[in-house]
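Residue numbers (our numbering), protein chains in the order written: chain G, 1 to 307; chain R, 1 to 307; chain Y, 1 to 307; chain L, 1 to 307.
Protein chains: 4
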Amino acid sequence: MKKLDYQKIIDDLHLKYKNVVNKGKIASYIPELKKIPTDKFGINLYSLNNHSFGSGDFQEKFSIQSISKVFALTLALKKVGEKIWKRVGVEPSGDPFNSLVQLEFEKGIPRNPFINAGALVVCDTLISTLKSPKSDFLHFVRKLSDSKDIYFNEKVVASEKKYGFINAAHVNLMKSFKNIKNDIEVVLDLYYHMCSIEMTCEELSKAFLIFANDGILPYNKERIISLSVSKRINATMQLCGLYDEAGQFAFKVGLPGKSGVGGGIVAINPDLYCLTIWSPKLNKKGNSYIGFKVLEEFTTITQSSIF
Amino acid sequence: MKKLDYQKIIDDLHLKYKNVVNKGKIASYIPELKKIPTDKFGINLYSLNNHSFGSGDFQEKFSIQSISKVFALTLALKKVGEKIWKRVGVEPSGDPFNSLVQLEFEKGIPRNPFINAGALVVCDTLISTLKSPKSDFLHFVRKLSDSKDIYFNEKVVASEKKYGFINAAHVNLMKSFKNIKNDIEVVLDLYYHMCSIEMTCEELSKAFLIFANDGILPYNKERIISLSVSKRINATMQLCGLYDEAGQFAFKVGLPGKSGVGGGIVAINPDLYCLTIWSPKLNKKGNSYIGFKVLEEFTTITQSSIF
Amino acid sequence: MKKLDYQKIIDDLHLKYKNVVNKGKIASYIPELKKIPTDKFGINLYSLNNHSFGSGDFQEKFSIQSISKVFALTLALKKVGEKIWKRVGVEPSGDPFNSLVQLEFEKGIPRNPFINAGALVVCDTLISTLKSPKSDFLHFVRKLSDSKDIYFNEKVVASEKKYGFINAAHVNLMKSFKNIKNDIEVVLDLYYHMCSIEMTCEELSKAFLIFANDGILPYNKERIISLSVSKRINATMQLCGLYDEAGQFAFKVGLPGKSGVGGGIVAINPDLYCLTIWSPKLNKKGNSYIGFKVLEEFTTITQSSIF
Amino acid sequence: MKKLDYQKIIDDLHLKYKNVVNKGKIASYIPELKKIPTDKFGINLYSLNNHSFGSGDFQEKFSIQSISKVFALTLALKKVGEKIWKRVGVEPSGDPFNSLVQLEFEKGIPRNPFINAGALVVCDTLISTLKSPKSDFLHFVRKLSDSKDIYFNEKVVASEKKYGFINAAHVNLMKSFKNIKNDIEVVLDLYYHMCSIEMTCEELSKAFLIFANDGILPYNKERIISLSVSKRINATMQLCGLYDEAGQFAFKVGLPGKSGVGGGIVAINPDLYCLTIWSPKLNKKGNSYIGFKVLEEFTTITQSSIF
């Protein structure tokens, strides 16, 4: 394969999609997120050999939301280990991300760690394990991204708590099935803090490099998770990372990835790079409208696919 | 029809069913209710012409639980009126009484006022309407049964609150659909107080006489609700009063009725009487195992049926 | 209660509702039924003391469709007996009348004999029992209505067979659960013939009088079914007779009844009369739009209700 | 990575798993398949550079069953093109492979081409497109595997037709939603013939090499499908190829694959090889019990994973 000029490809895509009609809609259920200018648009590719290629608002902070679920799962697998899989599955949900149906049918065991219910169980295990769950979690994310400048946004936390009735329904239902061990308020508090973390595209790309690098942090060669765990997290992202659009994402983009309602999507090309797009408006499935399209075109142009 | 000797029929049934093998099980999810001796067994028939026929523990208090939903609906229809039907349906649920599936599918509108979700909506309307919801409600029940000796059981309230995760899930889900107007904790507090009321078989029979008497209290001739509302509450009991065993109850007993997990069932024979059975062990559908059988045999012997 | 002038009430209702805007729609999935003029409108009340009160097109034949399910159940209970209840339930479906969901979830046991799947099981038992199922069935309906002039409509049969994919799905699913014993084509053939029967409002009212008369044919005093079976069929109609509008029907009309997509509804007032309305346009739940309204107003005016 | 001795690895795995307790069960719903000796066990790895490594019964024919769905999809994409995706999705089903629930909920559009309903739609498109669907299909499979010795098994076809009520339910339901264009019997006939094809592990590995080789047949360099289509079929296999165990397969095996109830599983390692296991007993999810375990251990030993 000839050497690709990532900077040019990214700049071209940024230019092209900046002017595309954006049919997406901003997530409405978190009032604090509605304040973000909808024309924000950043792209960053961070390669394993330590090159960063960015375009647009790629160094501006945004709310990572569900992307934090990958960090939570990684930390839980590191601290709690494989036994977490007794309390959460690895199968795609096949249903919208806030559905209670399957959770009830399957006796309080969430389908996978990337639906809200699954992430709530992961939070519950972290609370049972960590001394200071919130600060330990934040510390872990800072380490992965090699940046001290990463914080929770307490306004977003407050906003989500105020309207988070669906999550409260989920966690109560799981508590009734005894799959939540800690106090409901404590679990929701960690969950909303995790989701409220703000990072830039570049920080996210860098933090996800361990999944492209068999579990090893590139910048200091520290092993965070084993090769096997790293590949399994990628597999879980591939099958469950984009809610009920995971099939379309595998089909059209062909890389493992994770999205958030803040408009971010991170994709991993194993042994090569991570690529993060941020554009706040969402398609009908809750994934960044522009982000999905840019990733599809990027992998088509560069003929990138794990398949 | 020849004159029936209700006292003899009731005594015979009490004798017969006292010695029948009771295949039911005590409700396990409310720890406080598990303390009740499982061999308690009372029958009371209260006729419109003011005769009370009782056998066994018919003058002992027990937790009326879901039977209270009929009082709540009656008070709501009296105070709030027909507009309550915009927020709760009158169709049978066709599913177990704690299912979230239908509630989610139907956008937070509970199927009927006798499933938990429906009763929570009724509580919500009472809170929006009454000055002192809890004491007003208690006062209303005392008036219907012509007894001052009726109270909440705060231990049962505490016990239900502690393990009431499913109800919390329901009310949060409905709040997310904006079908709960008041604070979640306040709604649950009224709901659990209502359920915790303790009454005897005789008091329950007497309190339900308005539904056998076209809406008029027999003991003082006061009209509580209109003829039409009275008949509609009976219709709703017939279709939705015994969870997903309503069909069997209509089929085998043939009278409108309402059950509770405390082991009580009240049945109404319009223009004639109310009949209450209390036996704590429940069948698989959550209705009193013995209570259902006694009612079936009573209506067979007396050839009573509205159909 | 003062003596009611049924003829005047019916005439008044006919006059009033003839000119009401009919928001209903003709059933579109049976092409042959779309040919019926949508302004057809008949009312008939047939009393136990042998008076017939009719207005409009009450002596014109129409396709009885699902109303035939009551005849099928009655004949099956007469010939096969109570063991039929092992293969079909008596609970309301709580779902639209052509849903496969519940049938799959409940292992091929239909909720009740008045949803299509349940009627198909009833047909299956008739085929296993009767010598000449189709002609025996027709003979039975003729006997109940005391009329020889009742026939299948083979054009309607052909039309339903051609587009009956949902029923074929149901019967195949039940066959996979071994709840259909006979050949699928034979079962569907009897089912479609049953549905295609054409009767007048007057004939239907008369044929349903056994359910108002404790199981005895009024015109010749012959007992067709026991008192108990008669009351149980009424109970089943009350809970399951109007698809997922049964609750509204109990609530607003207050009598057991059965509807069909041909636009007919029959209601039973035990010990008094049967009342049949025919008006082809259907409401969103698949019941006659005008028929439901006329019945509601009739029972309000006459203060009729079993509750 | 050091050169792997595939023959030794495969022989070792065959030896080890030949003696493992097989907790699986033979598929019971196709009587003809129950005749297969349950201790059959073959492994074959066929590499892109034309080496075949086999152990055990790898050159014995078995019923490929659902593995044929990949051939059908490939032929349909070749002949019908992308417009097939309007009639079938690419999302995982999240439910058992014979569920009608989702199909009804989603208006007759099957979740993906590898559940039965989806494959039936694919068959329907082939019938609309091909001159001689059955022989054209067989010819296509023979070409992919470079073998003339491949046939339908008419006994298996007859056996499946006799008990295929669930498939008949599916196809009727889709016909009711107008997502089946051809005659139901013709669609089922092609479907059952496809499933009845018998091939060896070696033939299957060889036939799947196009998916490891970007759409090109290795043995004659003929392009069968485009690079993009090849990768998309792999993605679809990864997300939907093992019924509702796709997540576990991605997680533990880490390669795209497809299984069948005949006990075969094929896995694809892009740019390297295809690996087929055959062992008839199935785990609870309907996939070969031993096949899944061998694949998991093989990819662990060889550190193979696309992720």
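Just so you know, even glycine gets a beta-carbon here, dropped at the ideal spot from N, CA and C.
Between T348 of chain Y and the rest of its own chain, which residues show a CB-CB distance below 6 Å, the 5 nearest in sequence each way excluded?
Nothing can be reported for residue 348 of chain Y: it is not among the residues displayed for chain Y, which extend from 1 to 307.
Start and end residues, beta strand (DSSP E) containing S52 of chain L
For the purposes of this step, residue 52 of chain L is taken as the residue at position 52 of the fourth sequence. Element bounds for S52 of chain L: 52–56.
Scan the region 232–268 of chain G and note each continuous alpha helix (DSSP H) run of 4 residues or more that stays entirely inside, going in chain order.
246–252
What did DSSP end up calling I64 of chain R once you bin it into helix, strand or coil?
Numbered from its first residue, the second sequence carries residue 64 of chain R at position 64. Residue state, collapsed to three classes: coil.
Look up I277 of chain R in the DSSP assignment and say whether it is helix, strand or coil.
Working through the second sequence from its first residue, we reach residue 277 of chain R at position 277. In this structure, I277 of chain R counts as strand in the three-state DSSP scheme.
Beta bridge counterpart(s) of L308 of chain G as assigned by DSSP
Because chain G here runs from 1 to 307, residue 308 of chain G falls outside it and cannot be looked at.
Tell me which residue opens and which closes the alpha helix (DSSP H) that L100 of chain R is part of.
Taking the second sequence and counting its residues from 1, one reaches residue 100 of chain R at position 100. L100 of chain R -> no alpha helix (DSSP H), and no H or E assigned at all.
Drop a sphere of 10 angstroms on the beta-carbon of I49 of chain R, count the other beta-carbons inside from all chains shown, and report buried for 16 or more, exposed for fewer.
Within the second sequence, residue 49 of chain R is the residue found at index 49, counting from 1. This sequence places Asn at residue 49 of chain R; Ile is not what is there. It is exposed - the Cβ of N49 of chain R has fewer than 16 other Cβ atoms within 10 Å.
Inter-stretch contact (C-beta, 8 Å, three-pair minimum) for the region 113–132 of chain Y and the region 296–305 of chain R:
no
Here's the rule I'm using: 16 or more other beta-carbon atoms within 10 Å means buried, otherwise exposed. How should F97 of chain G be labelled?
Reading the first sequence from its first residue, position 97 is the one you call residue 97 of chain G. With a pLDDT of 45 at F97 of chain G, under the threshold of 50, the modelled position of that residue is not reliable, and no figure is offered here.
For M1 of chain R, count neighbouring C-beta atoms within 10 Å of its own C-beta (all shown protein chains included) and say buried if the count is 16 or more, exposed if not.
Position 1 of the second sequence, counting from 1, holds the residue named residue 1 of chain R. For M1 of chain R, the predicted structure reports a pLDDT of 47, less than 50, and the residue's modelled location is therefore unreliable. The matter cannot be settled from this model.
Counted within 10 angstroms of its Cβ, other Cβ atoms place E185 of chain G as buried (16 or more) or exposed:
What you label residue 185 of chain G is simply residue 185 of the first sequence in a count that begins at 1. Exposed: under 16 other Cβ atoms inside 10 Å.
Between I115 of chain G and chain R, is any beta-carbon pair separated by less than 7 Å?
Position 115 of the first sequence, counted from the first residue, corresponds to residue 115 of chain G. It does not; no Cβ of chain R falls within 7 Å.
For I166 of chain R, go through chain G and note every residue whose CB falls closer than 8 Å to its CB, in chain order.
Counting from 1 along the second sequence, the entry for residue 166 of chain R is found at position 166. By Cβ distance, chain G contributes N172, L173, S176.
Grab me the residues of E203 of chain G's own chain with a C-beta within less than 6 Å of its C-beta, minus the 5 sequence neighbours each way, in chain order.
Here the question's residue 203 of chain G lines up with position 203 in the first sequence. For E203 of chain G, where only same-chain residues beyond five positions count, the Cβ hits under 6 Å are S145, S147.
Please name the residue, chosen from Y:G286, Y:Y191, Y:K18, that lies closest to F71 of chain Y on a Cα-to-Cα basis.
As a first step, residue 71 of chain Y must be located in the third sequence, where it is residue number 71. Closest by alpha carbon: Y:Y191.
Only counting the same chain, and skipping five residues up and downstream in sequence, which positions put a Cβ closer than 6 Å to that of E32 of chain L?
The residue labelled residue 32 of chain L in the question sits at position 32 within the fourth sequence. Answer for E32 of chain L: K155, V156, S159, listed in chain order.
Below 9 Å on C-beta distance, what does A158 of chain G contact in chain R?
What you label residue 158 of chain G is simply residue 158 of the first sequence in a count that begins at 1. Neighbours of A158 of chain G on chain R: none; closest Cβ ~17 Å, over 9 Å.
Is there a Cβ from chain Y that is less than 7 Å from the Cβ of A169 of chain L?
Mapped onto the fourth sequence, residue 169 of chain L falls at position 169. For A169 of chain L, the answer is yes, since a Cβ of chain Y falls inside 7 Å of its Cβ.
For S63 of chain G and F53 of chain G, what's the separation of their Cα atoms in angstroms?
Looking up residue 63 of chain G in the first sequence gives position 63. Looking up residue 53 of chain G in the first sequence gives position 53. Their backbone Cα atoms lie some 21 Å apart in a straight line.
Roughly how many angstroms lie between the CA atoms of A168 of chain G and E104 of chain R, to the nearest whole one?
In the first sequence, the residue the question calls residue 168 of chain G occupies position 168. In the second sequence, the residue the question calls residue 104 of chain R occupies position 104. Cα to Cα, A168 of chain G sits roughly 14 Å from E104 of chain R.
In the DSSP assignment, find the alpha helix (DSSP H) that holds K285 of chain R and state where it starts and stops.
Translated into the one-based positions of the second sequence, residue 285 of chain R becomes position 285. Unbroken run through K285 of chain R: none, as it is neither H nor E.
Write down the C-beta distance between I150 of chain G and I197 of chain G rounded to the nearest angstrom, noting that I regard them as a contact closer than 8 Å.
By 1-based counting over the first sequence, the position of residue 150 of chain G is 150. By 1-based counting over the first sequence, the position of residue 197 of chain G is 197. The Cβ separation is near 6 Å, so the contact holds.
Check whether the region 11–26 of chain G touches the region 239–250 of chain G, counting contact only when three or more Cβ pairs, one atom from each stretch, lie closer than 8 Å.
no
Kindly list the residues whose CB is nearer than 7 Å to the CB of S47 of chain L, restricted to its own chain and excluding five residues on each side of it in sequence; keep chain order.
Within the fourth sequence, residue 47 of chain L is the residue found at index 47, counting from 1. Correct list, in chain order: L272, Y273.
State buried or exposed for S135 of chain L, treating a residue as buried only when at least 16 other CB atoms are found within 10 Å of its CB.
Within the fourth sequence, the letter at position 135 stands for residue 135 of chain L. S135 of chain L is exposed by the Cβ-count criterion.
Is the beta carbon of A207 of chain G less than 7 Å from the beta carbon of F251 of chain L?
Position 207 of the first sequence holds residue 207 of chain G. Position 251 of the fourth sequence holds residue 251 of chain L. Cβ distance not < 7 Å, so A207 of chain G and F251 of chain L don't count as in contact.
Along chain Y, in chain order, which residues have C-beta atoms closer than 7 Å to that of D244 of chain R?
Against the second sequence, residue 244 of chain R aligns to sequence position 244. In chain order: E91.
I'd like the span of the alpha helix (DSSP H) that includes P133 of chain Y, first residue to last.
Counting from 1 along the third sequence, the entry for residue 133 of chain Y is found at position 133. Here the alpha helix (DSSP H) through P133 of chain Y covers 133–145.
For M194 of chain G and T200 of chain R, I'd like the C-alpha separation in whole angstroms.
Position 194 of the first sequence holds residue 194 of chain G. Position 200 of the second sequence holds residue 200 of chain R. Using only the alpha carbons, I get a separation of about 52 Å.
Cβ separation of L100 of chain R and L173 of chain G, assumed to be a contact under 8 Å, to the nearest whole Å:
As a first step, residue 100 of chain R must be located in the second sequence, where it is residue number 100. As a first step, residue 173 of chain G must be located in the first sequence, where it is residue number 173. At roughly 7 Å, the Cβ-Cβ gap stays under 8 Å, so L100 of chain R and L173 of chain G are in contact.
Sort Y:N182, Y:K175, Y:K107, Y:K178 by Cα distance to T129 of chain Y and report the nearest one.
Position 129 of the third sequence, counted from the start, is the residue given in the question as residue 129 of chain Y. Taking only the C-alpha atoms, the option nearest T129 of chain Y is Y:N182.
To the nearest whole angstrom, what separates the beta carbons of N309 of chain R and I265 of chain R, a pair I think is in contact under 8 Å?
Residue 309 of chain R cannot be examined here, being either before or after the span of chain R that is shown, 1 to 307.
Take V253 of chain Y and list the residues in its own chain whose beta-carbon comes closer than 7 Å to its own, dropping the five residues that flank it on each side.
As a position in the third sequence, residue 253 of chain Y is number 253, starting the count at 1. Once the five neighbours on either side are set aside, the close Cβ partners of V253 of chain Y are A267, L295, E296, T299.
Does the Cβ of D57 of chain R have 16 or more other Cβ atoms within 10 Å, making it buried, or fewer, making it exposed?
Position 57 of the second sequence, counted from the first residue, corresponds to residue 57 of chain R. That one is buried.
Go ahead and pull the three-state DSSP assignment for Y17 of chain L.
Here residue 17 of chain L refers to the residue found at position 17 when the fourth sequence is read from its first residue. It is helical.
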